[in-house]
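Residue numbers (the numbering used here), protein chains in the order written: chain P, 1 to 164; chain R, 1001 to 1446.
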């Protein structure tokens, strides 16, 4: 596969065309608006918690931007659905680690947890695009924090992200 | 366009009497830019179409930097030794060369770190005058309640945000000249937006998004009618066309070194001498003073009054070398070559289905840059496909969010040429552009 084909995997193109979780819904526990100032990509994301106050029931969002940024939010929305907030936060950390791996990927266990999000492995070869892939995950982390969700002692690995 | 008379200058008259670069001259120009010979993304020859963001540098500029550091490096404007003399001469000689390129006197060129710093210097000088600094001479800059500052909807953020801030500090009101659907400035609005209340009219000489070249005489004439100061953003014009600031009659102008084949870290602020002499200083400290006591200070005359602290001497010397290089090519020859590139770029963008040009499709009064939107493909993605073919373009809002909003685009992809750009490179760009929608599975592409 060429670098371009690794970057734009079919799964990414499919999610960009037909995104999951798009369309803001009411009743969110927390909301975040994130923008990448250099290119103007933006996402507004809401996290909806279950009755237990700690399970991510679903994520709803609106955004505009490149296929990488939009597909990444879409894949993430599917990945964290029904997952405890703390685990969702740890998935974000794993994804951020994937973006720091320069395209080499992570160990099998980590990739297993990331599921479809491993399709973004090739993005890490293009430093200018890493922020695109991280935009939605930054919004998720911020929205979870605002929701005051119980993260179960998750760390806060801080990777250069765009906040407003 | 005037005929080339300097024997060392490139360009031979074509059928219209305009100077053009011959194929041999263009090849010689390209040979001056070693970076243009490199490959990217594997073994793809580089097609550099991002000159409006920053230009590549000819060897004479790099040589000037190296020569300064290896042979002449010393603190300027002080020191009783030969090196200090030579460094000062190189620094001031560069000022003369830059002034000569733009039709200014050397005392009217202030070194700045970039064009943004130049605009901020004017804005803060006005601010300081309004705060009572600068004495009687600076009273002409004082802003009062009801005063207005006029910009345009085409401005780079660098020629918008400093004026927003000045208005916020002083209570002046910000107004602007709009653009039409083609991206040309609305000259008809000069009569209504620029009024007796207007104290500053700040506008771009050429848009970094639409490529549209402004009718500067119309702006200057209106500003003079109402007694407003004019501030010209000449970042995109100085590298690409003959510019004579005295003939244009603007009060201030700014341009940067790195867009005109020079180094980063240096730019120039032009100010009419009487205005610079009346302006209070902005950044204060060493080098810009006459007599300092524990209580008060008197300031040096311009341009030194606006050059506080250690200066970017080597970069200024490099910018001077760039000015000489452009002058030797002849700006008329540069403009004539780029006019041809303009036509080719417009043809490329307007011939691909599903691609919308931002800015005028007419090559008249237009720079060799095209910003465009590919239907259904985000600019980042379009730029990535082009990059994969070795074609370097800019993506994003190009520091002009209001203009993009006006033209109905969140962001765009931009291809911009320079004196070293070839027709073959633009053909490669056209091929790449035709592949973009196809890559993302959209119809209308081959």
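Glycine residues also receive a C-beta, built at the ideal position from the N, C-alpha and C atoms.
Going by other Cβ atoms of all chains shown within 10 Å of its Cβ, with 16 needed for buried, is residue i buried or exposed?
i, result
"residue 90 (chain P)", "buried"
"residue 5 (chain P)", "exposed"
"residue 1217 (chain R)", "exposed"
"residue 1097 (chain R)", "buried"
"residue 1081 (chain R)", "exposed"
"residue 1190 (chain R)", "buried"
"residue 37 (chain P)", "exposed"
"residue 1055 (chain R)", "buried"
"residue 24 (chain P)", "exposed"
"residue 67 (chain P)", "buried"
"residue 953 (chain R)", "As shown, chain R starts at 1001 and ends at 1446. That puts residue 953 (chain R) outside it, with no answer to give."
"residue 1270 (chain R)", "buried"
"residue 1156 (chain R)", "buried"
"residue 127 (chain P)", "exposed"
"residue 1353 (chain R)", "exposed"
"residue 1039 (chain R)", "exposed"
"residue 1251 (chain R)", "buried"
"residue 1404 (chain R)", "buried"
"residue 1007 (chain R)", "Residue placement at residue 1007 (chain R) is flagged as unreliable, the pLDDT there being 40, under the threshold of 50; a coordinate-derived value is accordingly withheld."
"residue 1037 (chain R)", "exposed"
Is the CB of residue i under 9 Å away from at least one CB in chain P?
i, result
"residue 1379 (chain R)", "yes"
"residue 1388 (chain R)", "yes"
"residue 1003 (chain R)", "At residue 1003 (chain R) the pLDDT is 39, less than 50, meaning the model places this residue with poor confidence; the figure from the coordinates comes in the next sentence. Answer no: the Cβ-Cβ gap between residue 1003 (chain R) and chain P never drops below 9 Å."
"residue 1408 (chain R)", "no"
"residue 1396 (chain R)", "yes"
"residue 1414 (chain R)", "no"
"residue 1401 (chain R)", "yes"
"residue 1041 (chain R)", "yes"
"residue 1441 (chain R)", "yes"
"residue 1164 (chain R)", "no"
"residue 1385 (chain R)", "yes"
"residue 1411 (chain R)", "yes"
If you measure between the beta carbons of residue i and residue j, is that distance less than 9 Å?
i, j, result
"residue 1072 (chain R)", "residue 1086 (chain R)", "yes"
"residue 1280 (chain R)", "residue 1117 (chain R)", "no"
"residue 1413 (chain R)", "residue 1386 (chain R)", "yes"
"residue 43 (chain P)", "residue 139 (chain P)", "yes"
"residue 1411 (chain R)", "residue 1360 (chain R)", "no"
I'd like to know whether the C-beta of residue i is nearer than 9 Å to at least one C-beta of chain R.
i, result
"residue 74 (chain P)", "no"
"residue 17 (chain P)", "yes"
"residue 40 (chain P)", "yes"
"residue 21 (chain P)", "no"
"residue 223 (chain P)", "Limits of chain P in this structure are 1 at one end and 164 at the other, which puts residue 223 (chain P) out of reach."
"residue 102 (chain P)", "no"
"residue 4 (chain P)", "yes"
"residue 64 (chain P)", "yes"
"residue 67 (chain P)", "yes"
"residue 13 (chain P)", "yes"
"residue 134 (chain P)", "no"
Stretch pair the stretch 1231–1249 of chain R + the stretch 1327–1341 of chain R: three plus CB contacts closer than 8 Å:
yes
Would the stretch 1045–1058 of chain R count as touching the stretch 1419–1429 of chain R if we require 3 or more Cβ pairs under 8 Å?
yes
What are the uninterrupted segments assigned as alpha helix (DSSP H) that are 4 or more residues long and contained completely in the stretch 1308–1387 of chain R, given in chain order?
1313–1329 and 1331–1351
Report yes or no: do three or more beta-carbon pairs, one from the stretch 1192–1200 of chain R and one from the stretch 1222–1229 of chain R, lie closer than 8 Å?
yes
Are the stretch 111–120 of chain P and the stretch 77–97 of chain P touching, with three or more C-beta to C-beta distances below 8 Å?
yes
Report yes or no: do three or more beta-carbon pairs, one from the stretch 1104–1112 of chain R and one from the stretch 1124–1138 of chain R, lie closer than 8 Å?
no
Which whole runs of the beta strand (DSSP E) in the stretch 17–90 of chain P are 3 residues long or more, in chain order?
30–36, 41–49 and 55–64
Give, in chain order, every unbroken run of the beta strand (DSSP E) that is at least 3 residues long and sits entirely within the stretch 1240–1319 of chain R.
1252–1256, 1267–1271, 1289–1292 and 1297–1299
Three or more beta-carbon pairs under 8 Å between the stretch 1058–1070 of chain R and the stretch 1283–1292 of chain R, yes or no?
no
Whether or not the stretch 1292–1308 of chain R and the stretch 1143–1151 of chain R are in contact is what I'm after, with contact meaning three or more pairs of Cβ atoms, one per stretch, closer than 8 Å; do they touch?
no
Closer than 8 Å is the cut-off here; do at least three beta carbon pairs connect the stretch 1160–1179 of chain R with the stretch 1125–1134 of chain R?
yes
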